[in-house]
Amino acid sequence: MNGERIYAVGYRPLDFKGRRQSPPWPIARTMLLLAWRKRATKVALLFCLAVVGGHGLWLVAQLLFRRYAGEMGGAHMLAVDQLVGQAQEVFAAFLSMQFFVTAVALSVIAGGAVAEDRAAGAFELYFARPLTPRQYAVGKLLGAGLVPAATLVLPSLLLWIVAVGVAPPALRAQLWWLVVPALAGALLAAATLTATVVGLSALGRKARTVGVVYVGGLILLSGVAEGLAAGGVGWAGYLAPERDLRTVADTLLNVGLPSVGAQFLPHRPQANPDALLSAAGLLAYAAAGLGALWWRLRAEVRA
């Protein structure tokens, strides 16, 4: 019975021809291949691509305006800064917006990472082989982590390369340092999203339920925390993952007041006062996700 359910989910016998691979990679590859069959996966990734493209256009237009203003004189440069902002603002806005869009993509792709294995009884298949719970966990985290790596980390690097390539020579030297804080914020966001979605999946049995709870909980938590923080309950702001990320990104990138051009983008609420506490909040969410995954594996494997 379990064998039929496992086959129905989409699992197939592994091909052992050629060089033997480390166990986590086939687990991650299988998870991603199963997710790629869903139309919702492609739609979610298209939205992620649209966010990258929109911020890329904003960055290129900004730097081209600055190049033109530099040729016209210092007064024009100041006016352009007020209109289109600076590169730091683009990176911070990208991380903030892409965080939510990537969360939706992960809910579709990795919502069933562990939940579908539990529902199909696939643990019997996995651990009938010389596979440890740690290798299984690493495989699932690797598969889920490749999504934010492709939607947050890699695009941040590409945006920086575009910025350095398009910027006028006088501005290029100021942009070299941006790669470190931009990638640091992207990696922190990727780690938080990966750990939390896999941890929540370990607590559920249906991929769709996990995905809805994950996205709905993230939106609800952010809305409530933002409202409480705006009402004077400052500590509540640290409970909102996106607000924490916004605080860390703004601090690392040294973002000042928003430009006039940024007013055409979705409103970005106030950030938290302390960036270190915000980073600790994100790490706490990641630790909670990893703890939930490890607790579930210990319980299931012992059973």
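Residue numbers (the numbering used here): 538 to 840. For each residue, glycine too, the CB sits at the ideal point set by N, CA and C.
Test item: CB-CB of residue i and residue j under 8 angstroms
| i | j | result |
| --- | --- | --- |
| glycine 680 | alanine 565 | yes |
| alanine 581 | valine 651 | no |
| histidine 592 | leucine 696 | yes |
| valine 734 | alanine 647 | yes |
| alanine 642 | alanine 786 | no |
| proline 685 | leucine 790 | no |
Sequence-distant residues of the same chain with beta carbon closer than 6 angstroms to residue i, five excluded per side
| i | result |
| --- | --- |
| arginine 833 | Ala739 |
| glycine 649 | Ala744 |
| alanine 732 | Ala823, Gly826 and Leu827 |
Where the alpha helix (DSSP H) through residue i begins and ends
| i | result |
| --- | --- |
| valine 717 | 716 to 740 |
| tryptophan 713 | No alpha helix (DSSP H) holds tryptophan 713; DSSP gives it neither H nor E. |
| glycine 648 | Segment: none, glycine 648 is in no alpha helix (DSSP H) and carries neither H nor E. |
| alanine 674 | 670 to 685 |
| phenylalanine 664 | Element bounds for phenylalanine 664: n/a, residue is neither H nor E. |
| serine 759 | 744 to 767 |
| valine 690 | Premise fails: valine 690 is in no alpha helix (DSSP H) and is neither H nor E. |
| alanine 786 | 778 to 790 |
| tryptophan 562 | 561 to 573 |
| alanine 656 | 652 to 657 |
Contacts around residue i, its chain only, beta-carbon distance under 7 angstroms, and the 5 residues preceding and following it disregarded
| i | result |
| --- | --- |
| alanine 821 | none |
| leucine 724 | Val690 |
Cut-off 8 angstroms between Cβ atoms - residues of its own chain near residue i, not counting five sequence neighbours on either side
| i | result |
| --- | --- |
| alanine 878 | Because the chain in this structure spans residues 538 to 840, residue 878 falls outside the shown range and cannot be described. |
| tryptophan 838 | According to the sequence as given, residue 838 is valine; it is not tryptophan. For valine 838, where only same-chain residues beyond five positions count, the Cβ hits under 8 angstroms are Phe660, Phe664 and Pro670. |
| valine 597 | Val699 and Val703 |
| phenylalanine 631 | Val588, Val589, His592, Pro692, Ser693 and Leu696 |
| proline 705 | Leu600, Arg603, Arg604 and Gly607 |
Residue i classed as buried or exposed, judged by whether at least 16 other C-beta atoms fall within 10 angstroms
| i | result |
| --- | --- |
| glutamine 711 | exposed |
| proline 778 | buried |
| tryptophan 595 | buried |
| alanine 836 | exposed |
Contact test: residue i Cβ vs the ligand NAD heavy atom, cutoff 7 angstroms
| i | result |
| --- | --- |
| alanine 727 | The model depicted lacks the ligand NAD and carries no ligand whatsoever. |
Assumed close pair residue i, residue j - CB separation to whole angstroms, cut-off 8 angstroms
| i | j | result |
| --- | --- | --- |
| proline 524 | glutamine 672 | Absent from the model: residue 524. The displayed extent of the chain is 538 to 840, so no value can be given. |
| aspartate 781 | glycine 818 | 4 angstroms |
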